[in-house]
């Protein structure tokens, strides 16, 4: 509430609400040539993990087939691609090490790749849906119109995200993604409630709902710990750096438990969803033979199917992808060599550890242990809901991934507001002096 007393912070929050409201309104308007009612019926008939994930990330824009149907997902995909290529291609790796200028160039490249991906995805979708009879009117003209509209919609979403980042509070892309996910949660919770209480006695209904609430509360607590928890790296500074000049100062460098955040789950879910999405848009369904087995393996609802245990291989692939991306993403988000070098430059050292390579290895080992803990918690949060829903035959689309994104963005935004308030209080003290 104190943040609302600051006019500048209040204006930033008002801008955030305005942009979110604008995106939600546009998300309800279908592009020309598409009957939203028919498309929703097709979505209901062909519902799968890929479409559910896509619908959640776009906040229902995909179901309405609006110009925001792709949402911010092409930008997320582009970021994944550029980050993966950065560790492989030397020119991109050099750009990443060039400080602020290099980051700006990488961001520009990422935006270009995102627009290209949006154009390709929207064109493929338009052609696929046209063949399925979901698009009326002149085929070629409608495909061009839909491609241009959806690509422009992605460009607008990227622009709005940039505005939020520059002129509001928090990361614009994360805020837009969070707002899309939250817009779907009421219907998802309603679907979960209906699935838990349908055709059951009163006491069973109460017990099922109570158990679901307890599981959700535990998940929220674990996610908050992942977002807020950290391991303090104790650093001691030499007497020369001490203000008193009498004794050495000690400080702490916080290393987060979930260093890689939710990105490993987003990467893994996106890869698992691609075969299903391509098959659905192409109108091939799940086919037969090996293609049917593979596509069923990719579907989360089949991982705990007792009648077809072979589908459980998909769960093992999913877990392997999460672990791989968690450790692959670790050096991108946390550079132990850079932290060690910064400690040395400020005249500090880690007690009991030699400076240089030993300090770097020590910090790297801590980050790997914390990443291991974070991955275990991440797997629990994402897999437990899938296991429960799969075992009970529930078709709810509530996922640990969505909860992690929402809670992570909320906590990050709150921290940004607190930093802004602290900065203003500090400025106020200086002004008084």
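In the working numbering, the protein residues as written are 43 to 475. No residue lacks a Cβ here, since even glycine has one placed at the ideal position from N, Cα and C.
Give the range of the alpha helix (DSSP H) segment to which residue 116 is assigned.
Here residue 116 corresponds to residue number 74 of the chain shown, with the count starting at 1. Where residue 116 is concerned, the enclosing alpha helix (DSSP H) stretches over 115-128.
Contact set for residue 471: own chain, Cβ-Cβ below 8 Å, skip 5 residues either direction:
Residue numbering aside, residue 471 sits at position 429 when the chain shown is read from its first letter. With a pLDDT of only 47 at residue 471, under 50, the local geometry of the prediction cannot be trusted, and no value is derived from it.
Please classify residue 222 as buried or exposed, where buried requires at least 16 neighbouring CB atoms within 10 angstroms.
Taking the first residue of the chain shown as position 1, residue 222 is located at position 180. By the neighbour-count rule (16 or more Cβ atoms within 10 Å), residue 222 is buried.
Grab the span of the alpha helix (DSSP H) containing residue 405 for me, first residue to last.
Position 363 of the chain shown, counting from 1, holds the residue named residue 405. Taken as a continuous stretch (DSSP letters only), the alpha helix (DSSP H) holding residue 405 covers 399-434.
Can you grab the Cα-Cα spacing for the pair residue 392 / residue 275, in whole Å?
On the chain shown, position 350 is the one that residue 392 refers to. On the chain shown, position 233 is the one that residue 275 refers to. Approximately 8 Å, taken between the alpha carbons.
Among the candidates 319, 407, 336 and 395, whose CA atom is the shortest distance from the CA of residue 96?
For the purposes of this step, residue 96 is identified with residue 54 of the chain shown, where counting begins at 1. Answer by Cα proximity: 319.
Evaluate residue 367 with the Cβ neighbour count: other Cβ atoms within 10 Å of its Cβ, from every protein chain shown; 16 or more gives buried, anything less gives exposed.
Translated into the one-based positions of the chain shown, residue 367 becomes position 325. Residue 367 is buried by the Cβ-count criterion.
Apply the 10 Å Cβ neighbour rule to residue 358 and answer buried if 16 or more other Cβ atoms are within range, or exposed otherwise.
Within the chain shown, residue 358 is the residue found at index 316, counting from 1. Label assigned to residue 358: exposed.
For residue 471, which of helix, strand or coil comes out of DSSP?
Position 429 of the chain shown holds residue 471. Low per-residue confidence applies at residue 471: pLDDT is 47, beneath 50, and the placement is therefore not dependable, though the value from the model is reported in the following sentence. DSSP places residue 471 in helix when its eight states are reduced to three.
Throw me the rounded Cβ distance for the residue 356 and residue 344 pair, which I believe falls under 8 Å.
Here residue 356 is taken as the residue at index 314 of the chain shown, counted from 1. Here residue 344 is taken as the residue at index 302 of the chain shown, counted from 1. Confirmed, Cβ separation roughly 7 Å.
Suppose contacts are defined by Cβ-Cβ distances below 8 Å. Is residue 69 in contact with residue 106 by that definition?
Working through the chain shown from its first residue, we reach residue 69 at position 27. Working through the chain shown from its first residue, we reach residue 106 at position 64. Yes, they are a contact pair.
Sort 456, 346 and 378 by Cα distance to residue 433 and report the nearest one.
Counted from its first residue, the chain shown places residue 433 at position 391. Of the candidates 456, 346 and 378, the one whose C-alpha sits nearest the C-alpha of residue 433 is 346.
Quick check on the DSSP output: the alpha helix (DSSP H) that includes residue 292 runs from which residue to which?
In the chain shown, the residue the question calls residue 292 occupies position 250. Unbroken run through residue 292 is the beta strand (DSSP E), 292-298; no alpha helix (DSSP H).
Comparing C-alpha positions only, which one of 271, 218, 279 and 247 sits nearest to residue 112?
Your numbering for residue 112 matches position 70 in the chain shown. Taking only the C-alpha atoms, the option nearest residue 112 is 218.
Any idea what DSSP makes of residue 307, helix, strand or coil?
Taking the chain shown and counting its residues from 1, the one referred to as residue 307 is at position 265. DSSP places residue 307 in helix when its eight states are reduced to three.
State the start and end residues of the unbroken beta strand (DSSP E) segment that holds residue 278.
The residue you call residue 278 lines up with position 236 of the chain shown. For residue 278, the uninterrupted beta strand (DSSP E) run begins and ends at 272-279, by DSSP.
Quick check on residue 338: buried or exposed, where buried means 16 or more other Cβ atoms within 10 Å of its Cβ?
As a working mapping, residue 338 is identified with position 296 in the chain shown. It counts as buried.
Does DSSP put residue 108 in a helix, a strand or coil?
In the chain shown, the residue the question calls residue 108 occupies position 66. It is a strand residue.
Bridge-paired residues (DSSP) for residue 72:
Taking the chain shown and counting its residues from 1, one reaches residue 72 at position 30. Beta-bridge annotation (DSSP): residue 72 is paired with 108.
If you count every other CB in all the chains shown that lies within 10 Å of the CB of residue 259, and 16 or more means buried, which is it?
In the chain shown, counting from the first residue as 1, residue 259 sits at position 217. With fewer than 16 Cβ atoms within 10 Å of its Cβ, residue 259 is classed as exposed.
Consult DSSP for residue 52 and reduce its assignment to one of helix, strand or coil.
Locating residue 52 in the chain shown gives position 10, counting from the first residue. In the structure shown, residue 52 sits in a helix (DSSP, three-state: H, G or I).
Runs of 4 residues minimum, wholly inside the region 129-183: which ones carry the alpha helix (DSSP H) assignment?
Within the region 129-183, the complete alpha helix (DSSP H) runs of at least 4 residues are 132-138 and 141-173.
According to the Cβ coordinates, are residue 132 and residue 148 closer than 8 Å?
Walking along the chain shown from the start, residue 132 turns up at place 90. Walking along the chain shown from the start, residue 148 turns up at place 106. Contact flag unset, no.
Along the chain, where does the alpha helix (DSSP H) that runs through residue 82 open and close?
As a first step, residue 82 is located in the chain shown; it is residue number 40 there, counting from the start. 78-87 is the extent of the alpha helix (DSSP H) around residue 82.
At a cut of 8 Å, does the region 182-193 reach the region 48-58 through at least three beta carbon pairs?
Too few Cβ pairs lie closer than 8 Å, so no.
Just grab the DSSP bridge partners of residue 390 for me.
The residue labelled residue 390 in the question sits at position 348 within the chain shown. Note: residue 390 sits in a beta bridge opposite 279.
One question on the structure: do residue 192 and residue 73 come within less than 8 Å of each other, judged by their Cβ atoms?
Walking along the chain shown from the start, residue 192 turns up at place 150. Walking along the chain shown from the start, residue 73 turns up at place 31. Taking 8 Å as the cut-off, the beta carbon of residue 192 is found closer than this to the beta carbon of residue 73.
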